Amino acid sequence: MNFIMIYTTCTSEDEAMHITKILLDKNLIACGNIIPKILSIFKWDSKISSESECALLLKTVEENFDGISALIKENHSYEMPCIVSFPINNIDKDFGEWIKKITKKLVPVNE
Numbered sequence: 005m006n007f008i009m010i011y012t013t014c015t016s017e018d019e020a021m022h023i024t025k026i027l028l029d030k031n032l033i034a035c036g037n038i039i040p041k042i043l044s045i046f047k048w049d050s051k052i053s054s055e056s057e058c059a060l061l062l063k064t065v066e067e068n069f070d071g072i073s074a075l076i077k078e079n080h081s082y083e084m085p086c087i088v089s090f091p092i093n094n095i096d097k098d099f100g101e102w103i104k105k106i107t108k109k110l111v112p113v114n115e
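Using the numbering used here, the first residue of the sequence shown is number 5, and each one after it goes up by one.
Rendered as structure tokens:
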């Protein structure tokens with residue numbers, strides 16, 4: 005089983021909390037960390053822009069990426085949210101077992 009960390013950004017802590025709770029209710033993630041007040045600088049419509057956002061880090065297993073991505077898109081205010089994953093190469097055994105325990109009770113995404 006491969007563990008991953010998913011990174012996305014949200015417009016507010018409320019939006020990040022809403023998305024995290026949906027993913028937790030579906031057992032798609034074991035944990036979400038909301039990092040408030042980050043500054044993102046990006047190019048959109050040929051212009052350099054900046055926005056205050058929240059970062060959201062989600063701990064899960066690789067098999068859940070597609071379901072998580074779909075639910076983030078359904079519940080996100082952005083037209084095209086950043087949704088990327090990073091492999092977790094090393095993980096504490098107990099923490100990994102906890103992630104597996106939480107995410108194996110998968111609830112269908114469309115419920």
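Where a beta carbon is used, it is the ideal one built from N, C-alpha and C, also for glycine.
Note that the structure is a prediction, hence the values are computed from the model and not measured.
Original post:
In the region 62 to 93, which residue ranges form an unbroken beta strand (DSSP E) of at least 3 residues, counting only runs that do not cross its ends?
Top reply: Within the region 62 to 93, the complete beta strand (DSSP E) runs of at least 3 residues are 87 to 91.
Original post:
Taking 7 Å as the cut-off, is the CB of GLU83 close to at least one heavy atom of the ligand GTP?
Top reply: Of the ligands one can find in the structure shown there are none, so the ligand GTP has no counterpart to examine.
Original post:
Cα separation between LEU32 and ILE38?
Top reply: Here residue 32 is taken as the residue at index 28 of the sequence shown, counted from 1. Here residue 38 is taken as the residue at index 34 of the sequence shown, counted from 1. Whole-angstrom Cα-Cα distance: 17 Å.
Original post:
Starting from LEU43 and walking both ways along the beta strand (DSSP E), at which residues does that stretch end?
Top reply: For the purposes of this step, residue 43 is taken as residue 39 along the sequence shown, with counting starting at 1. Unbroken beta strand (DSSP E) run through LEU43: 35 to 48.
**OP:** Quick one: grab the DSSP three-state call for GLU51.
**Re:** Start at 1 with the first residue of the sequence shown, and residue 51 comes out as number 47. For the record, residue 51 in the displayed sequence is Lys; it is not Glu. Strand.
**OP:** Check the C-beta distance from LEU75 over to THR13 and give it rounded, since I have them as a contact under 8 Å.
**Re:** Locating residue 75 in the sequence shown gives position 71, where the first residue counts as 1. Locating residue 13 in the sequence shown gives position 9, where the first residue counts as 1. Contact between LEU75 and THR13 is absent: CB atoms are separated by about 16 Å, not below the 8 Å threshold.
**OP:** Assuming ASN79 contacts ILE10 (C-beta within less than 8 Å), just tell me the rounded distance between them.
**Re:** Working through the sequence shown from its first residue, we reach residue 79 at position 75. Working through the sequence shown from its first residue, we reach residue 10 at position 6. With 8 Å as the limit, ASN79 and ILE10 do not qualify as a contact, their Cβ atoms being about 14 Å apart.
Original post:
Could you give the C-beta distance for GLU57 and THR15, rounded to a whole number, given that I count them as a contact under 8 Å?
Top reply: In the sequence shown, residue 57 corresponds to position 53, counting from 1. In the sequence shown, residue 15 corresponds to position 11, counting from 1. Going by Cβ atoms, the distance from GLU57 to THR15 rounds to 6 Å, so yes, they are a contact pair.
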